[in-house]
Amino acid sequence: MKKLLAMMLILGLAVMAAGPSSAADTIRIGLLAPLSHQVGEGEVNAAKMAVKRINDAGGIDGKKLELFIEDTEIKPEKAINGYKKLVMVDKVKAVMGAFSSGVVLSLMDHVARYKVPFISTASSSNTFGEKVAKDYARYKYFFRLMLNETDQVDGMVEFVNSFLKPKLNIKKVAVMAEDAKWTKLMGAQFVEQIKTKGIEVTDYIRFPFKETDFAPILSRVKNAKVQFLLEISAIADGAVYINQWHDMQGPPIGGCDTSAGSEDFWDKTNGKCKSETVFMYGAYDVALTPKTKPFWADYIKIYGKEPKYASGFTYDAVYIVANAVKAAGTTKADALVAAIEKTDYVGVSGRIQFKKNHNTICGSDGRPMMIWHQWQGKGQRLPVYPEKYATAKFILPAWWSVK
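Residue 6 is where the sequence shown starts when you use the numbering used here, and the numbers rise one by one after that.
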């Protein structure tokens, strides 16, 4: 009996010793994502894909990455609680992901308080970079891997003025945007800038996320006789207004419609999205870098569906954190921040470098940029601009003719 008790004691001590040793052999990272939303699903899939590949290649100096995931439900309080759990309970050394500028903005003071680096991969508000620039010591733990509002406005203005204006003889446009924090500055900046190009903005209309009747908006736009309708939506279901746009034979439409970035959007609209032109970034079937097209193909092979825009940014964020840990030789927060700031990494979403305000350098060739895709044929979403990456020519709605 004494021998049995002694053996049990030895085994117990061995298990206790093995626990901390095992934990010390992994590097824990966290992901915040809205799990029931297509963007969140894309973030999760991409993060798992990157972690597996890094671990299969030997990890970071022999240590494996361990991924912990929390659901934000696109709610600030859920994101805050999720971040706190990742930091205090799961003891992660870096966090990434999230979706919606309002959600991410709610996190910033908590990231500053707990000092665990966070890389946002699906939010565009300019406020983030402004906070870092204004109070670097407090907000230096926050990074954004994505185009911000100004980057996207510049891309939309270029598309309308340089590409569409000559094709469609554009003199008047209208703007419709979902009523969210991230669209306020974007919509206002687009209106202001496009006017300097000699293009009149007849209407700038904001609508609730869950709006179902777009007939009044579309009637107003049609009566104004615009040549293009710019859309800005990410949380709203784009299929709702695209179906009505088609039935009412509205003007050519395009811009930001996150819903249209999903491969099942054609079926959801019964093909009524044909000729809608939306910009994509982060992940697409385009040779932006040597890694972009292979990632697209591999993701589809693994998950049976296309990656979303945040998938590419999230995949790259995992590698950026892994590279930072390796370069710093530690997981201490300030050392990781310094290493992330020095990032010069060619990833899926482009060549990644950060500005002093921790925004990504975007827009130039080879860096994260907007590539415009149009729904054509029998359900293909094809790149049409910039011409360097185009595989198809721009088309008009069947009922529309240039006047």
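The C-beta atom is built at its ideal place from N, Cα and C for all residues, glycine as well.
Taking residue i as the reference, which of the options has the closest Cα?
i: threonine 126; options: Gln198, Lys393, Ala344 and Val353; result: Val353
i: isoleucine 366; options: Ala138, Phe104 and Leu150; result: Leu150
i: tyrosine 324; options: Met101, Pro39, Glu46 and Phe73; result: Met101
i: alanine 182; options: Pro213, Lys172 and Ala327; result: Pro213
i: lysine 80; options: Phe73, Leu37, Gly384 and Val94; result: Leu37
i: isoleucine 376; options: Val326, Lys361, Phe359 and Gly259; result: Gly259
i: alanine 193; options: Arg58, Leu235, Tyr209 and Lys383; result: Tyr209
i: threonine 77; options: Gly368, Gly160 and Gly107; result: Gly107
i: valine 94; options: Ala288, Phe73, Glu82 and Leu110; result: Phe73
i: aspartate 242; options: Phe147, Ala395, Ala229 and Asp218; result: Asp218
i: tyrosine 320; options: Gly287, Val342 and Val291; result: Gly287
What residues in its chain sit with their C-beta under 8 Å from that of residue i, if we drop five residues either side in the sequence?
i: threonine 274; result: Ala244, Ile247, Asn248 and His251
i: serine 26; result: Because serine 26 carries a pLDDT of 34, less than 50, the predicted location of this residue cannot be relied on, and no value is offered for it.
Name the two residues that bound the continuous beta strand (DSSP E) containing residue i.
i: phenylalanine 147; result: 147-149
i: arginine 211; result: 205-212
i: serine 125; result: 123-125
i: valine 180; result: 177-183
i: isoleucine 237; result: 233-238
i: glutamine 249; result: First-last for glutamine 249: 243-252, but that is the alpha helix (DSSP H), not the beta strand (DSSP E).
i: leucine 36; result: 31-38
i: glycine 134; result: From DSSP, glycine 134 is part of no beta strand (DSSP E) but of the alpha helix (DSSP H) over 132-139.
Could you check the C-alpha separation between residue i and residue j for me, to the nearest Å?
i: alanine 22; j: lysine 69; result: Below a pLDDT of 50, predicted positions are generally treated as unreliable, and alanine 22, at 35, falls in that range; no measurement from the model is reported.
i: glutamate 392; j: isoleucine 345; result: 33 Å
i: proline 257; j: methionine 113; result: 39 Å
i: glutamine 43; j: lysine 313; result: 7 Å
i: lysine 306; j: proline 299; result: 10 Å
i: glutamate 216; j: isoleucine 240; result: 11 Å
i: glutamine 379; j: lysine 177; result: 21 Å
i: serine 238; j: serine 105; result: 11 Å
i: aspartate 411; j: glutamine 358; result: Nothing about residue 411 can be reported from this structure: the residues present for the chain run from 6 to 408 only.
i: alanine 302; j: alanine 99; result: 28 Å
i: glutamine 410; j: glycine 266; result: Lying outside 6 to 408, the shown extent of the chain, residue 410 is not represented and no answer is given.
i: alanine 338; j: arginine 143; result: 13 Å
Whose C-beta lies closer than 6 Å to the C-beta of residue i among residues of the same chain, with five residues either side of it excluded?
i: tyrosine 119; result: Val92
i: aspartate 349; result: Gln358
i: leucine 173; result: Gln232 and Val407
If you follow the alpha helix (DSSP H) that residue i is part of, which residue opens it and which one closes it?
i: proline 171; result: 170-173
i: arginine 118; result: 106-119
i: methionine 191; result: 186-200
i: threonine 155; result: 154-163
Closer than 7 Å by C-beta to residue i: which residues in its own chain qualify, once you throw out the five before and the five after it? Chain order, please.
i: leucine 169; result: Ile175 and Phe233
i: isoleucine 400; result: Ser280, Gln379 and Gln381
i: alanine 468; result: In the structure as shown, the chain starts at 6 and stops at 408, and residue 468 therefore has no counterpart that could be examined.
Residue ranges of each beta strand (DSSP E) within the region 258-306, 3 or longer: Fully enclosed beta strand (DSSP E) runs of no fewer than 3 residues occupy 258-262 and 282-285 of the region 258-306, in order along the chain.
Which full runs of the alpha helix (DSSP H) of 4+ residues lie inside the region 310-368, going along the chain? 314-333 and 338-346, all fully within the region 310-368.
What residue ranges within the region 54-96 form continuous beta strand (DSSP E) runs of no fewer than 3 residues, ordered along the chain? Here the runs fully enclosed are 69-76.
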